[in-house]
Amino acid sequence: MRPAIIELTLVRLREFVREPEAMFWVFGFPLLLALGLGIAFRNRAPESIRIGVLQPAPAALAASLDSSAGLAVERLADDSAGARALRNADVALVVAAANGEVEYRFDPSRPDARAARQLADDAIQRGAGRRDPLAIRETTISERGSRYIDFFIPGLLGLNLMGSGIWSIGFAVVTARKQKLLKRLVATPMSRTQYLMSFLLSRLFFLVLEVGALLGFGVLVFDVPLRGSLWTLAAVCLVAALTFSALGLLVSSRARTVEAVSGLANLVMLPMWIFSGVFFSAANFPQAVQPFVQALPLTATVDALRAVMLRGAPLASVTGELALLLAWLVVPFVVALRVFRWR
Amino acid sequence: MTASAPDGSSALLVRGLRKRYDDVVAVDGLDLDVRPGECFGLLGPNGAGKTTTIEICEGLTEPDAGEVIVLGRTWAESGRDLRERLGIQLQETQLAEKLTVLETLRLFRSFYARGRAVDDVIALVRLEEKRRARVSALSGGQKQRLALGCALVGDPDLVFLDEPTTGLDPQARRQVWDLVEQLKATGRTIVLTTHYMEEAERLCDRVAIVDHGRVMALDTPRRLVAGLGADQIVFFSVAEDAVPRITADALAAIAGAAGATQPARATDGGWELPVTATHEAIPALLAELERRALPLAELRTHLPTLEDVFVSLTGRALRDA
Ligand SMILES: Nc1ncnc2c1ncn2[C@@H]1O[C@H](COP(=O)(O)OP(=O)(O)OP(=O)(O)O)[C@@H](O)[C@H]1O
Ligand SMILES: [Mg+2]
């Protein structure tokens, strides 16, 4: 006879592997997402920016623009065609030339429009005879660790730890509650703490598979660097997985229906999707919201993962993130245990 | 293995139990005294308060008032120990669909410090052939037997079964009855709820008839039936066009003529009369109908059952209450 905590954990594992859909969302979906985004952003050849030139335009001006490496130039028939192209974002900039004067039409809040203006102006002025006073030399780099995919894989890893922890536990708990299975279980001498612990333990097992799959994929297919020690990385993943499992338990501690738990889970996860710097750096958010952003468990997870993977940070330098995650682990677990609805 | 409270008197003692939900009084001052080793039945219609009562006894629901002593102890003082000694089957639990029979029983077994071997329980509930089948692949009767297995795997002294056969076909029901009888034979105390009077009559040593959260009567099935004072229940109906002429007065006269021990009661398009001397009652009944020119359509008799006891106590039938 095995101890109850082992039996309970085995139940979690069996229920999961016997649910093909769940397997897809945990393993298949993140891999597809990584593949898609990885291909979209792979070796981003410096892409030309599309601009438009209103006709008629002086031949010399058009030729200068055509020969500029960073620009793809389109001829536009008249003002209204130009306005339409701008509005649809077909072009970042429209150049109109008349009576020896050049006019740039663009939206200065778009970074590519500002770049296009700069490139177009350079090409036109040089074509018209401008000489630059200083000699320049360009050195271009494409280093592993600075590409978007390198930035994105640790973010995706964190996102996956959060999503599978909260979803898998939320659904399992609410289903058991709806079926009155929870009520039946507490009618036995089963320890309630062990029941909740079994969710955390089962996550550890899947953690190895999930992280292994995503990381292996990133390293093998996109050559994403893994500069820190695997042990440090494992420690971060472990703590993060437990943390999100505890949040999953808290989210599902009272809900009676799948709809209710879905809503709550989305409410908890959405801010982290947006603010935690998975898809772009969290530093982009204004200073005023930074305390909030930095307090989110996913921010801590993603920061720690990037530090370890991309910069080779040792365990000692991610203790701040780990401490925050531990707080997010202990408090929700204790609260969940207290408020949990068993019937 | 016989369960007995320290004082040797009650396996379950309930005094003045009350529970209300918002505007519904589910249990309204209920008393029970279940002796060790007996099979005790709570018989009552839907909404009578059987589940509420049994779940309070199981320590799953807090009563508003009243006292519950299980195996000589209270839930507040020895909840944890009591859990080890009770076997519970709830009315509406669905076990985990994706687990097999064996896995489910192993899980429940792991919660108890002492208990029976899982294989013995599988044999007891006759699921040997389904050992490795998923719960989702079991029939209703098999699921119910598995739920019973889960209740028995901790080798309990006191077993609570809430409607163990509701929704089962007659064959599956008989299999569950056999199991309960086997359990009785080993001296376990059993408390079960049901709204089938055959079930209560067949399985229970004593029955409490419950309605509106109160015990209406409590005795052995035999004595409850004997308490009706009737040897037979006579059912009669008349031709459809004559029905309007059966007024309250007419009915009272007919019952009086037949020497009924209780007023007549309408049921199934006719009326029922509990009578003592059937051989005198039937001719008298027919003569009275004749005298009133009421053409008889149907006449039947049956031995009184707990159903009739319930009817006489509440004026309603169990099945349509
Ligand atoms: N959780 C609850 N909330 C509100 N009302 C409830 C609740 N549980 C039971 N009741 C009400 O209390 C009354 C007794 O219900 P209970 O389930 O004890 O009846 P029962 O005898 O077991 O009926 P059944 O034969 O249908 O199982 C019913 O009127 C029911 O509607
Ligand atoms: Mg009930």
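These protein sequence lines map, in sequence, to chains A and B. Each step along the first sequence adds one to the number in the working numbering, with nothing skipped, and position 87 is 87. Add 343 to a position in the second sequence, counting from 1, and you land on the number used in the working numbering. Glycine is no exception: its CB is placed at the ideal position from the N, C-alpha and C atoms.
Three-way DSSP call (helix, strand, coil) for Cys-547 of chain B in this model: As a working note, residue 547 of chain B is residue 204 in the second sequence. For Cys-547 of chain B, the three-state secondary structure derived from DSSP is coil.
Arg-457 of chain B to Met-1 of chain A span [Cα, whole Å]: Indexing the second sequence from 1 puts residue 457 of chain B at position 114. Indexing the first sequence from 1 puts residue 1 of chain A at position 1. Going from the Cα of Arg-457 of chain B to the Cα of Met-1 of chain A covers about 11 Å.
Residues bridged to His-645 of chain B [DSSP beta-bridge criterion]: Walking along the second sequence from the start, residue 645 of chain B turns up at place 302. Beta-bridge pairing links His-645 of chain B to B:Ile-576.
Opposing strand residues paired with Ile-552 of chain B [DSSP bridges]: In the second sequence, the residue the question calls residue 552 of chain B occupies position 209. B:Leu-386 and B:Ala-560, per the DSSP bridge assignment.
Proximity test, Cβ basis, 7 Å: Ile-397 of chain B and chain A: Residue numbering aside, residue 397 of chain B sits at position 54 when the second sequence is read from its first letter. Interface criterion not met: the Cβ of Ile-397 of chain B is under 7 Å from no Cβ in chain A.
Leu-433 of chain B beta carbon less than 7 Å from that of Arg-311 of chain A: Position 311 of the first sequence, counting from 1, holds the residue named residue 311 of chain A. Position 90 of the second sequence, counting from 1, holds the residue named residue 433 of chain B. Their beta carbons are not under 7 Å apart, which means Arg-311 of chain A does not touch Leu-433 of chain B by this criterion.
Contact with chain A by Leu-481 of chain B, beta-carbon distance below 7 Å: For the purposes of this step, residue 481 of chain B is identified with residue 138 of the second sequence, where counting begins at 1. It does not; no Cβ of chain A falls within 7 Å.
Pairwise C-alpha distance: Pro-617 of chain B and Lys-486 of chain B: Walking along the second sequence from the start, residue 486 of chain B turns up at place 143. Walking along the second sequence from the start, residue 617 of chain B turns up at place 274. Going from the Cα of Lys-486 of chain B to the Cα of Pro-617 of chain B covers about 40 Å.
Beta carbon proximity, Ile-412 of chain B to chain A, threshold 7 Å: Within the second sequence, residue 412 of chain B is the residue found at index 69, counting from 1. It does not; no Cβ of chain A falls within 7 Å.
Within 7 Å, strictly: CB atoms of Val-464 of chain B and Arg-449 of chain B: On the second sequence, position 121 is the one that residue 464 of chain B refers to. On the second sequence, position 106 is the one that residue 449 of chain B refers to. Between Val-464 of chain B and Arg-449 of chain B, the C-beta spacing is not below 7 Å.
Contacts that Thr-436 of chain B makes with chain A (C-beta to C-beta distance below 8 Å): For the purposes of this step, residue 436 of chain B is identified with residue 93 of the second sequence, where counting begins at 1. Ordered by position in chain A, the residues that pass the 8 Å Cβ test against Thr-436 of chain B are Gln-179, Lys-180, Leu-181, Lys-183 and Arg-184.
Buried versus exposed call for Tyr-539 of chain B [16 or more other C-beta atoms within 10 Å across all chains shown]: For the purposes of this step, residue 539 of chain B is taken as the residue at position 196 of the second sequence. Burial call: buried.
Per-residue DSSP class, three states only, for Val-370 of chain B: The residue you call residue 370 of chain B lines up with position 27 of the second sequence. DSSP places Val-370 of chain B in strand when its eight states are reduced to three.
Positions along the segment 440 to 452 of chain B whose CB lies within less than 8 Å of some CB in chain A: In summary, the residues of the segment 440 to 452 of chain B whose CB is separated from some CB of chain A by less than 8 Å are Lys-441, Leu-442, Glu-446, Arg-449, Leu-450, Phe-451 and Arg-452, in the order they occur in the chain.
Residues passing the C-beta test against ligand 1 heavy atoms, cut-off 5 Å: Per the Cβ criterion, the list is B:Tyr-364, B:Val-367, B:Ala-369, B:Asn-389, B:Gly-390, B:Ala-391, B:Gly-392, B:Lys-393, B:Thr-394 and B:Thr-395.
Nonlocal neighbours in the same chain, by C-beta distance under 6 Å from Ser-253 of chain A, ignoring five residues either side: Taking the first sequence and counting its residues from 1, the one referred to as residue 253 of chain A is at position 253. A distance below 6 Å between beta-carbons, with the five flanking residues on each side excluded, links Ser-253 of chain A to the following residues of its chain, in chain order: Ala-336, Val-339 and Phe-340.
Cβ distance (whole Å) where Gly-212 of chain A is taken to contact Met-309 of chain A below 8 Å: As a first step, residue 212 of chain A must be located in the first sequence, where it is residue number 212. As a first step, residue 309 of chain A must be located in the first sequence, where it is residue number 309. The pair is not a contact, with the Cβ atoms about 14 Å apart (cut-off 8 Å).
Beta carbon proximity, Arg-18 of chain A to chain B, threshold 7 Å: Residue numbering aside, residue 18 of chain A sits at position 18 when the first sequence is read from its first letter. Yes, Arg-18 of chain A counts as interfacial toward chain B.
Alpha helix (DSSP H) segments (min. 4 residues) lying fully within the segment 187 to 236 of chain A: For the segment 187 to 236 of chain A, whole alpha helix (DSSP H) runs of length 4 or above, ordered along the chain, are 192 to 222.
Ile-431 of chain B classed as buried or exposed, judged by whether at least 16 other C-beta atoms fall within 10 angstroms: Within the second sequence, residue 431 of chain B is the residue found at index 88, counting from 1. Buried, by the Cβ-count rule.
Contacting positions in the segment 250 to 267 of chain A - beta carbon closer than 7 Å to chain B: The segment 250 to 267 of chain A vs chain B, Cβ under 7 Å: nothing.
Rounded C-alpha distance that separates Asp-371 of chain B from Gly-163 of chain A: Looking up residue 371 of chain B in the second sequence gives position 28. Looking up residue 163 of chain A in the first sequence gives position 163. If I take the Cα positions, the gap works out to 48 Å.
Cβ neighbours of Ala-417 of chain B in the same chain (closer than 6 Å, five flanking residues each side left out): Here residue 417 of chain B is taken as the residue at index 74 of the second sequence, counted from 1. Sequence check: residue 417 of chain B is Thr here, not Ala. Answer for Thr-417 of chain B: no residue qualifies.
Gln-437 of chain B beta carbon near ligand 2 (any heavy atom closer than 6 Å): As a position in the second sequence, residue 437 of chain B is number 94, starting the count at 1. Incorrect: Gln-437 of chain B has no Cβ contact closer than 6 Å to ligand 2.
Met-344 of chain B versus Val-496 of chain B - alpha carbon distance: Within the second sequence, the letter at position 1 stands for residue 344 of chain B. Within the second sequence, the letter at position 153 stands for residue 496 of chain B. Note that Met-344 of chain B scores a pLDDT of 37, beneath 50, so its modelled location is shaky; the value from the coordinates is reported in the next line. In a straight line, the C-alpha of Met-344 of chain B is about 14 Å away from that of Val-496 of chain B.
Per-residue burial, Asn-160 of chain A [other beta carbons within 10 Å of its own, 16 or more giving buried]: The count along the first sequence starts at 1 and reaches residue 160 of chain A at position 160. Its Cβ being crowded by 16 or more others within 10 Å, Asn-160 of chain A is buried.
Residue range of the unbroken beta strand (DSSP E) whose run includes Glu-47 of chain A: Here residue 47 of chain A refers to the residue found at position 47 of the first sequence. Boundaries for Glu-47 of chain A: no beta strand (DSSP E) harbours it, and the DSSP string shows neither H nor E there.
Delimiting residues of the beta strand (DSSP E) encompassing Thr-671 of chain B: This structure cannot settle anything about residue 671 of chain B, because the visible part of chain B is limited to 344 through 664.
Own chain partners of Arg-517 of chain B with C-beta closer than 7 Å, once the 5 adjacent residues on each side are dropped: On the second sequence, residue 517 of chain B is found 174 positions in, with the first residue counted as 1. Spatial neighbours of Arg-517 of chain B in its own chain (CB-CB distance under 7 Å, excluding positions within 5 residues in sequence) are not present.
Distance, Leu-250 of chain A Cα to Phe-333 of chain A Cα: For the purposes of this step, residue 333 of chain A is identified with residue 333 of the first sequence, where counting begins at 1. For the purposes of this step, residue 250 of chain A is identified with residue 250 of the first sequence, where counting begins at 1. The straight-line gap from Cα to Cα measures roughly 7 Å.
Proximity test, Gln-434 of chain B beta-carbon vs ligand 2 heavy atom, cut-off 6 Å: On the second sequence, position 91 is the one that residue 434 of chain B refers to. Yes, the Cβ of Gln-434 of chain B comes within 6 Å of a heavy atom of ligand 2.
Continuous alpha helix (DSSP H) stretch holding Ala-98 of chain A: start and end: The residue you call residue 98 of chain A lines up with position 98 of the first sequence. Element bounds for Ala-98 of chain A: not the alpha helix (DSSP H) but the beta strand (DSSP E), 93 to 98.
Minimum Cβ-Cβ distance from Phe-579 of chain B to chain A less than 7 Å: Along the second sequence, read from residue 1 onward, the residue named residue 579 of chain B stands at position 236. Among the residues facing chain A, Phe-579 of chain B is not included, as its CB has no counterpart in that chain under 7 Å away.
Per DSSP, cross-strand counterpart(s) of Leu-504 of chain B: Here residue 504 of chain B corresponds to residue number 161 of the second sequence, with the count starting at 1. Checking the DSSP bridge columns, you'll see Leu-504 of chain B partnered with B:Gln-432 and B:Leu-535.
Between the CA atoms of Ile-399 of chain B and Glu-405 of chain B - distance to the nearest angstrom: If you number the second sequence from 1, residue 405 of chain B lands on position 62. If you number the second sequence from 1, residue 399 of chain B lands on position 56. Rounded to whole angstroms, Glu-405 of chain B to Ile-399 of chain B spans 6 Å at the Cα level.
Residue of A:Ala-128, A:Asp-150 and A:Ala-187 minimising C-alpha distance to Cys-493 of chain B: Reading the second sequence from its first residue, position 150 is the one you call residue 493 of chain B. Looking at the Cα atoms, A:Ala-187 is the closest of the given residues.
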